[in-house]
Amino acid sequence: TGDPRLKEKLDRVARALVASQHSDGYLGTYTSDQRWSGWDVWVHTYDLIGLLRYYEVTGSEPALQAAQKIADLLAATFGDEPGRLDLIAAGPRQGWAATSVLGPICVLYRYTGEKRYLDFARYIVRSYDHANGPRIIRFLEATGSVLAAGNGKAYELLANLAGLIELHRLTGEASLLRPALIAWKDIATRRLYVTGTTSAEERFREDYDLPGEESAGVGEGCATMTWLELNWQLLRLTGEPQYSDQLERTVYNQLLGAQDPRNGNLCFFTPLNGRKRPAPGISCCGSSEPRGIALIPQLAWGALGNSVAVLLYAPGEAVVPLEAGLDVALRSETRYPADGVVTLTVRPSHPARFPLELRIPEWASSFQASVNHTRPAPRNDGPFLEIDRMWRPGDTVRIEIGMAAQVIDGGRSYPGYIAVKRGPQVLALEAAVNPSLAHLHRAAPKVIEPGLLQLEDASTGLPKEWNGSQAYAIDGIAGGKPQRLVLVPFADAMNYRVWLVRPDRMPVGQVALTAFSSESWSRSGDVAGSVCDERPDTYRTTLED
Numbered sequence: 020t021g022d023p024r025l026k027e028k029l030d031r032v033a034r035a036l037v038a039s040q041h042s043d044g045y046l047g048t049y050t051s052d053q054r055w056s057g058w059d060v061w062v063h064t065y066d067l068i069g070l071l072r073y074y075e076v077t078g079s080e081p082a083l084q085a086a087q088k089i090a091d092l093l094a095a096t097f098g099d100e101p102g103r104l105d106l107i108a109a110g111p112r113q114g115w116a117a118t119s120v121l122g123p124i125c126v127l128y129r130y131t132g133e134k135r136y137l138d139f140a141r142y143i144v145r146s147y148d149h150a151n152g153p154r155i156i157r158f159l160e161a162t163g164s165v166l167a168a169g170n171g172k173a174y175e176l177l178a179n180l181a182g183l184i185e186l187h188r189l190t191g192e193a194s195l196l197r198p199a200l201i202a203w204k205d206i207a208t209r210r211l212y213v214t215g216t217t218s219a220e221e222r223f224r225e226d227y228d229l230p231g232e233e234s235a236g237v238g239e240g241c242a243t244m245t246w247l248e249l250n251w252q253l254l255r256l257t258g259e260p261q262y263s264d265q266l267e268r269t270v271y272n273q274l275l276g277a278q279d280p281r282n283g284n285l286c287f288f289t290p291l292n293g294r295k296r297p298a299p300g301i302s303c304c305g306s307s308e309p310r311g312i313a314l315i316p317q318l319a320w321g322a323l324g325n326s327v328a329v330l331l332y333a334p335g336e337a338v339v340p341l342e343a344g345l346d347v348a349l350r351s352e353t354r355y356p357a358d359g360v361v362t363l364t365v366r367p368s369h370p371a372r373f374p375l376e377l378r379i380p381e382w383a384s385s386f387q388a389s390v391n392h393t394r395p396a397p398r399n400d401g402p403f404l405e406i407d408r409m410w411r412p413g414d415t416v417r418i419e420i421g422m423a424a425q426v427i428d429g430g431r432s433y434p435g436y437i438a439v440k441r442g443p444q445v446l447a448l449e450a451a452v453n454p455s456l457a458h459l460h461r462a463a464p465k466v467i468e469p470g471l472l473q474l475e476d477a478s479t480g481l482p483k484e485w486n487g488s489q490a491y492a493i494d495g496i497a498g499g500k501p502q503r504l505v506l507v508p509f510a511d512a513m514n515y516r517v518w519l520v521r522p523d524r525m526p527v528g529q530v531a532l533t534a535f536s537s538e539s540w541s542r543s544g545d546v547a548g549s550v551c552d553e554r555p556d557t558y559r560t561t562l563e564d
């Protein structure tokens, strides 16, 4: 933003941080007799992240020197040489917390070219296979599953994978990239919530087991941020649009949904059914989620080879450098995701021919673009619409993206349930905008067949105190009677349900109650016309109601 108030805060915090550093480079939170006994290396990981980002923005030599002193201390303390400590034994989670320092060590090497930092990065990777180590690379390649690596802790694994990509970027070694690609496929296929996060109670679970209740501890904020970072790293490295699809899903749902925009408070966990509980205070997630939000502008557009690529359809401005002497300024004007109309103004530094690549979202029901009110013929039918032409300053591109409602099946965790999605946004049934609805879990859409579920703009009926500006009404059923249901974006919801009962699974007539033994509970199925949920807490709630 260039906001001088932010710069003042950056300078003040950086000065205080550098001034707190011990002469030997230590910048942790443990007393001298307790060093390297817990989260100590992890603390220095985030010191490095902050100092190196500050150096990137300001060019501050004291910040870079402080980062080097940290890295020198770590490299002198841990290693294979006699007398040095084992990094795996220096922290929790089978050493994962300590080894997450890999990423910033690689960044420091890129800024300084000092070989000792590259050597230390290689030691970190070797330490994965130490006694009691997480064996990240070996187990991922052998099984194709993140469950086999370490203890299943999502955030630390994702942070290490992002670090491996940084090291691959420096060395070109394919063996460092493969684990990240394997893990990405496993998570995206089997362990990803519809809102773009992963983990329950901070860990990966069995295939397709994605509980969404408050009690499940859904989507730790650090896991959300590191999933975002992993996709960003892979996007930068490969230019492949499936990573942008995931970035968009995470940003518009789980990432923004974890923050209360009225006061900046953040959720440690953010459920799919229940209440969000954002709170102030210092926590790892309270640090990670704002980093994710600050990353959003870097996800939106950039250079793809000799092309300008537009990846997220957000309002804003950017300058994309292409070949020497050619900079392309973009200005995006849009209400997206409230609607799918985007106007891009293209201003190359001089008239020039180059391709403009427009990402076609995987959810789009249609996608059209016109230049200066004349529709061009796209050159390919892939994930991008490419417009290759002579561009002149002031050319405009109008993009129209179809946002038909989509119905998502509840899968293994919510059989008999569905979720509704519009464009990139998952929608939720919110209590505050449905005051006549006594029980959210008893409401269902009237129809869910493709093309029949219609969303009606209901934004004019939102309460004055409501924070969001989007709302959509659908025909529904509640208590066996027709009921208008109002859905809002998950990011805006506070007391809500994402998973709604399928209309063909609604209770019919009176409900008979049956006792179950603990052995028969988990697969009890339908009972006398009533739906018996596989989750005991949901079933108990139904009985109480």
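Heads up: the sequence shown runs through residues 20 to 564, numbered per the working numbering.
Every residue, glycine too, gets a C-beta built ideally from N, C-alpha and C.
Q: Verify whether the separation of the beta carbon atoms of residue 67 and residue 82 is less than 8 angstroms.
A: Contact check for residue 67 against residue 82 fails: the beta carbons are separated by 8 angstroms or more.
(Q) Suppose contacts are defined by Cβ-Cβ distances below 8 angstroms. Is residue 185 in contact with residue 115 by that definition? (A) Contact: no.
**Q.** Per-residue burial, residue 248 [other beta carbons within 10 Å of its own, 16 or more giving buried]
**A.** With 16 or more Cβ atoms within 10 Å of its Cβ, residue 248 is classed as buried.
(Q) To the nearest angstrom, how far is the alpha carbon of residue 165 from that of residue 227? (A) Whole-angstrom Cα-Cα distance: 13 angstroms.
**Q.** Rounded C-alpha distance that separates residue 505 from residue 435
**A.** If I take the Cα positions, the gap works out to 21 angstroms.
Q: My understanding is that residue 441 touches residue 474, with C-beta atoms under 8 angstroms, so please give their C-beta distance in whole angstroms.
A: The C-beta separation of residue 441 from residue 474 comes to about 6 angstroms, placing the pair in contact by the 8 angstroms criterion.
Q) From what residue to what residue does the beta strand (DSSP E) around residue 449 run? A) Taken as a continuous stretch (DSSP letters only), the beta strand (DSSP E) holding residue 449 covers 444-449.
Q: Give the C-beta separation of residue 432 and residue 231 to the nearest angstrom, bearing in mind that I take them to be a contact with Cβ-Cβ under 8 angstroms.
A: Contact between residue 432 and residue 231 holds, with the beta-carbon distance rounding to 7 angstroms and staying under 8 angstroms.
Q.
Just to check my reading of the structure: residue 417 and residue 364 have Cβ atoms closer than 8 angstroms, yes? What is that Cβ distance to the nearest angstrom?
A. Cβ atoms of residue 417 and residue 364 stay farther apart than 8 angstroms, at about 10 angstroms.
Q: Could you give the DSSP three-state label for residue 332: helix, strand or coil?
A: In the three-state reduction of the DSSP assignment, residue 332 falls in the coil class.
Q. In the DSSP assignment, what residue or residues form a beta bridge with residue 151?
A. Residue 151 is not bridged to any residue.
Q) Are there 16 or more other CB atoms within 10 angstroms of the CB of residue 338, so buried, or fewer, so exposed? A) Exposed is the call here.
Q: Throw me the rounded Cβ distance for the residue 378 and residue 263 pair, which I believe falls under 8 angstroms.
A: Correct: roughly 6 angstroms between the Cβ atoms.
Q.
Rounding to the nearest angstrom, what Cα-Cα distance links residue 460 and residue 163 in this structure?
A. It is roughly 36 angstroms from the alpha-carbon of residue 460 to the alpha-carbon of residue 163.
Q | Stretch pair the segment 56-67 + the segment 102-122: three plus CB contacts closer than 8 angstroms | A | Counting Cβ pairs under 8 angstroms, three or more are found: they touch.
Q. Given residue 298, which residues of its chain have a CB within under 7 angstroms of its CB, disregarding the five upstream and five downstream residues?
A. Excluding positions up to five away in sequence, the list reads 284.
(Q) I want to see whether chain D comes within less than 8 angstroms of residue 309, judged by CB atoms only; does it? (A) Looking at the structure shown, chain D is missing, and only one protein chain is on hand.
Q. Near residue 446, which residues of its chain fall below 7 angstroms by C-beta distance, leaving aside the five closest residues on each side in sequence?
A. For residue 446, where only same-chain residues beyond five positions count, the Cβ hits under 7 angstroms are 439, 440, 491, 506, 507, 508, 509.
Q. Does the segment 272-280 come close enough to the segment 303-322 that 3 or more CB-CB pairs lie under 8 angstroms?
A. Cβ pair count under 8 angstroms is three or more, so yes.
Q.
Need the endpoints of the beta strand (DSSP E) that residue 321 sits in, please.
A. Taken as a continuous stretch (DSSP letters only), the beta strand (DSSP E) holding residue 321 covers 320-323.
**Q.** Residue nearest to residue 456 in terms of C-alpha spacing, selected from 217, 216, 500, 477
**A.** Cα-wise, what sits closest to residue 456 is 500.
**Q.** Neighbour-count burial assignment, residue 94, 16 or more Cβ in a 10 Å radius
**A.** Buried: at least 16 other Cβ atoms inside 10 Å.
**Q.** Cβ-based neighbour list, residue 478, same chain, cut-off 8 angstroms, excluding 5 preceding and 5 following
**A.** So the list reads 488, 489, 490, once near-sequence residues are dropped.
Q: Name the two residues that bound the continuous alpha helix (DSSP H) containing residue 255.
A: Note, residue 255: alpha helix (DSSP H), 240-257.
Q | Assigned secondary structure, residue 575 (DSSP; H/G/I helix, E/B strand, else coil) | A | Since the displayed the chain opens at 20 and closes at 564, residue 575 lies outside it and no answer follows.
Q: Measure from the alpha carbon of residue 401 to the alpha carbon of each residue in 391, 386, 390, then state which is nearest.
A: It is 386 whose Cα lies nearest to the Cα of residue 401.
Q: Using 7 angstroms as the cut-off, classify the Cβ of residue 37 as near or not near the heavy atoms of the ligand NAP, replying yes or no.
A: Although the ligand NAP was asked about, the structure shown includes no ligands whatsoever.
(Q) Taking the beta carbon of residue 340 as the centre, do at least 16 other beta carbons fall within 10 Å, making it buried, or is it exposed? (A) By the 10 Å Cβ count, residue 340 comes out exposed.
**Q.** Which listed residue (517, 113, 369, 464) has its alpha carbon closest to that of residue 498
**A.** Residue 464 is the option with its Cα nearest to residue 498.
Q | Local conformation of residue 470 per DSSP, three classes | A | Coil, per DSSP.
Q. Count the other CB atoms within 10 Å of the CB of residue 512; is the residue buried (16 or more) or exposed (fewer)?
A. Per the 10 Å Cβ criterion, buried.
Q) For residue 206 versus residue 214, is the C-beta spacing smaller than 8 angstroms? A) Inclusion of residue 206 and residue 214 in the CB contact set at 8 angstroms is not warranted, their separation being larger than that value.
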